[in-house]
Structure formats: C-alpha cells, structure tokens
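Position one of the sequence shown corresponds to residue 35 (our numbering), numbered consecutively onward.
Every residue gets a Cβ at the ideal spot worked out from N, C-alpha and C, and that includes glycine.
Note that the coordinates shown come from a computational prediction; the quantities given were computed from them, not determined experimentally.
See below for the structure under consideration.
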Amino acid sequence: MSKSSDRLYLSPPSATEDDIAAVVESMRSGWLAPTGPDLAAFESDIANYLGASHAVGLASGTSAIHLALRYVGVGPGDSVIVPTMTFAATVFPIVYLGASPVFLDVDDSWNLDPNLLRQAITGIASSGSRVAAIIPVDLYGTPADYTSIRSAIDTLDVCLVEDAAEGLGGSGPDERKLGTFGEAGVLSFNGNKIITTAGGGMLVTDNSELAAKTRFWATQARERSPWYEHREVGHNYRLSNLLAALGRSQLRRIDGEVAKRRQIREWYRSRLSVVDGILVQNDPSWGRSNAWLSVVRFDPDRYHDAARCVRERLAASRIESRPVWKPMHRQPVFASARSFLSGAADALFRDGLCLPSGTSLDEEDVDRVCSLVLEALGV
Ligand SMILES: *Cc1c(COP(=O)(O)O)cnc(C)c1O
C-alpha cells in the first residue's frame, strides 16, 4: 500500500518492544495482583519526574478525581467549579458525591477563565452554596493560568484539584511540571493519552495524609487486621501491578514523546498558521504545552462551517480528526447545572478541530493532512 493512502488516527497508542518485554517480565515475576513492586516503582518514578512527594496509582484519572474530591469533603449542597470546555470525566465525580458542578467559560488559552472566577464564587456564595473545590484542566496539554487562578482564590478556603489528565510532560510557571499545581493533581494513562497503561491513572500530591487516605480508600478501605475489617466505605480503584510495569516503561520515553508531539504541532503551524484565518493552538506566555493534540481553529468570518467541512474531507481520505470537546453546559446530562459564560467555549466548539497528533506521524503525513485542510477550505 502506498504511503499516501495510509489511514491516520487522532492519537494512537505506541508500544515498543521494551514495553512488551516489561509486561512479560512483570507477569513472570508472579505479581499478578493489584499491588507489587512495579506499582510502587511506577509511583515513585512519576513522583520523581514531576517533583512531587507522593503519587498513588489508580484505575483511572476519573477515580483519582473522585478520591481527591472525597478527601476534600465535597458533598451534597456543595458546588465545584470546572471549565465548561473539558471531557465529562472532570465532572462526573462531582455528581458521584452528590455535589453540583458549576461551569466556567475559558480564556485565550482555552482553559478556565480566571476573570470569571471571582464573579462565580460570589454568585455561588449568594445562593447559599459552598464552593468546596475548583478543578482547572490543562486542556490538550496546555497549562491553565495558575498564577491568576491562585490569586483569585487566595483569600478563600477553596481546594484546587488539577486535572492534568491531558497534560503529563507539560509545564507551567517556573517550569513546574503539570500535575503539581493543586493540593492534588490527576493524571490519566488511558489508551489515547500521551503515555498509556491501556487504562489507568494517578493521584499526585505533596500531602502525605491525602496520599495515604487515597491508597486506603482505593483498596476497599481495608483496615490493618488479619481479617477483613472495614470502618469506612471503600473503592476498588487501585492500578494493577502489571499495568504499572507498562506505565513505567512508557514513562522512560516521555521526554521524547513530548518533543515529537511539539514537533508535529510545529509542522502544522508552519503550514497552516501562515494562512489568514487559521490558528494552530500555541503555548501560553506562562508555560509549555506537551502538545498532546494539535488543535486548529478557523475564523468563522472567513470560512463558513470550516471545522465540519475539513473533518469530512479528512474522513474521506481515511484521516481521523475530531471536534474539540463539546462544552459541558451544552450536555443534556448537565442541563440543570449553573454556568458563567462568555461565549468563548461555544465559539471554540464551532470553529475548532483536533488533528492527527500521534508520534508515528512524519512530516510527509502532516503535509498530506495540511493539503487536504487547505483543499477543503478552498485556499
Ligand atoms: C482522559 C481524561 C480524564 C479521565 O481519565 P480516565 O483515565 O479516562 O478516567 C479526565 N479529564 C480529562 C480532561 C481527560 O482528558
């Protein structure tokens, strides 16, 4: 088959011979269990990589958010602030705990808009609800504006949980790694993320009590005792030792993965951002993205319905692209939730498109995608 007809996916996982060997070796070790030496080693590798004190391997990023919010004491009647432009997994755990999500619009970095924060917090307080936590998201790997977010909440007793599920390998102010900007940081190793364990996640924190509590709850809240003794409700949320072996192996090449994804985004930018009315998402002034996905935005005054036309043109050539996250305030399941909006997320949903971003792409593949994008726009 000629290269020019190869199917291209949005963000396929990569698995090397080293990854396969790591999994086989872990199986041979006899630790086919939700605990073991690979899990402990993966946790300490992640903590070292991020410069955090503790990391707890969990079944998913979603379960990490759930346990972080449980630790904070989020419950019925509470509000939790999240950006409307995110994946629903940021929001579901709020509902598991009986609290209410409140959606905020996004700034020019496509992340939680710090300018709307004070207004939202005042508005929520006047309705008699407590803002128990806020969960900024590092969308598509781009750091949220933590300096401004912190200064908006610094006099308030609000816990910050960072959803860095898409952001591993990116950094914020002072080159601090994403995942370390909250009381708890959340990572995901789902199949489409920058590194994968096929499914898994991690909670990262400097708070040793939070780390211990998370480990405890995630293993069915089993007390130290020869028999099964339970004083609290637990969850079966631990990452398995076998998957941790895969994660460890993947983590060894994270810097190369980030460099390649940033290179791919540069290739897109050099071909598309030079055209009037096309913008490829860039780093904000306060940090560095891992460029997990390359995302493009079309000027609606110049091109009509561009994101859909381009997506359909690419699909006809067996190239996968995807609309940006549909805003949470537009989701039927959250129809009754409160929101503070500027219109930015709605516009992004209309005009934005995620392009193939996997590390197996070469410059020729990106050229092919860009030619089709420009063809679809009639440029
Ligand atoms: C993937 C993702 C999650 C959830 O991670 P899982 O490991 O799939 O549970 C949470 N938030 C965001 C923004 C994500 O992209």
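- Boundaries of the beta strand (DSSP E) harbouring threonine 239: 235-239, taken from the DSSP string.
- Cβ-Cβ separation between serine 373 and threonine 118: approximately 6 Å, consistent with a contact (criterion under 8 Å).
- In the DSSP assignment, glycine 219 falls within the beta strand (DSSP E) that extends over 218-222.
- Relative to ligand 1, valine 140 has its C-beta separated by 7 Å or more from all heavy atoms.
- Within 7 Å of the C-beta of asparagine 224 there is at least one heavy atom belonging to ligand 1.
- The three-state reading of DSSP puts isoleucine 99 in helix, counting H, G and I together.
- For glycine 132, the closest of Ser143, Leu138, Asn149 and Ser163 by C-alpha to C-alpha distance is Ser163.
- The segment 66-85 makes contact with the segment 275-282: 3 or more CB pairs, one atom from each, lie closer than 8 Å.
- By the Cβ rule, the segment 111-128 does not count as touching the segment 250-267, because fewer than three pairs are nearer than 8 Å.
- Under the rule that a run must span 4 or more residues, the alpha helix (DSSP H) segments found entirely inside the segment 284-350 read 288-302 and 340-350.
- Ranking Glu243, Leu138 and Lys227 by CA distance to the CA of arginine 364 puts Leu138 first.
- Inclusion of glycine 95 and glycine 235 in the CB contact set at 8 Å is warranted, their separation being smaller than that value.
- Taking the Cβ of glycine 175 as the reference point, every heavy atom of ligand 1 lies at 7 Å or farther away.
- Closest in alpha carbon position to threonine 231, among Leu221, Asp240, Thr239 and Val238, is Leu221.
- In this structure, phenylalanine 137 has its beta carbon at no less than 7 Å from each heavy atom of ligand 1.
- In this structure, lysine 360 has its beta carbon at no less than 7 Å from each heavy atom of ligand 1.
- Of the candidates Arg286, Leu408 and Pro390, the residue whose Cα lies closest to the Cα of valine 400 is Pro390.
- Look at glutamate 59: its beta carbon is at least 7 Å from all of the heavy atoms in ligand 1.
- Aspartate 79 is positioned such that its CB atom lies closer than 8 Å to that of leucine 285.
- Membership of glutamate 263 in any alpha helix (DSSP H) is not indicated, and neither H nor E is assigned to it by DSSP.
- In the structure shown, arginine 104 falls within a helical segment according to DSSP collapsed to helix, strand and coil.
- In its chain, beyond the 5 residues on either side, Gly175, Thr176, Gly204 and Asp317 have a beta carbon closer than 6 Å to the beta carbon of serine 323.
- Short note on phenylalanine 121: C-beta closer than 7 Å to some heavy atom of ligand 1.
- Cβ neighbours of tyrosine 43 within its own chain (closer than 7 Å, five residues either side excluded): Glu354, Pro390 and Gly392.
- Residues Glu263, His264 and Arg265 of the same chain have their beta carbon placed closer than 8 Å to that of glutamate 257, with the five preceding and five following residues left out of the count.
- Here the C-alpha atom of serine 134 lies approximately 41 Å from the C-alpha atom of valine 403.
- Between proline 148 and valine 125, the alpha-carbon positions lie close to 19 Å from each other.
- Annotated as proximal: leucine 237 and leucine 101, with beta-carbon spacing under 8 Å.
- Residue environment: proline 260 is assigned as exposed (fewer than 16 neighbouring CB atoms within 10 Å of its CB, all protein chains considered).
- For glutamate 200, the Cβ falls inside the 7 Å cut-off from some heavy atom of ligand 1.
- Minimum Cα-Cα distance from glycine 91 among the listed residues Ala252, Pro361, Leu408 and Asp40 corresponds to Ala252.
- By DSSP's assignment, cysteine 193 forms a beta bridge with Ala167.
- Look at leucine 389 here: in three-state DSSP terms it is strand.
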